[in-house]
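**Student:**
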Amino acid sequence: MTKLPETSESSIAIIFLVINLSTLLRQVNCLFLSLFLTRYKLGFVIDFSIAKIDITS
């Protein structure tokens, strides 16, 4: 598909760039989701324990 050596090198470099960016995006996405879900779960546990304390009091 590509004819010149410079063009081939550029296309290979772009492929590596895209692969690295997609890996970085996946890691950031996993970090965000883990932090979001951890806060949501902890918030649910805290709300449940407060409601439980109010009922028993």
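Residue 270 in this note's numbering sits at position 40 of the sequence shown, and the numbers go up by one each step.
Each residue gets a CB set at the ideal place from its N, CA and C atoms; glycine is no exception.
Note that the structure is predicted; figures quoted are calculated from it, not measured.
1. Please report the distance separating the alpha-carbon of E239 from that of R269.
2. In whole angstroms, give me the CA-to-CA distance for F262 and L251.
3. Is DSSP giving L234 helix, strand or coil here?
**Tutor:** This is what the structure holds:
1. 45 Å
2. 16 Å
3. coil
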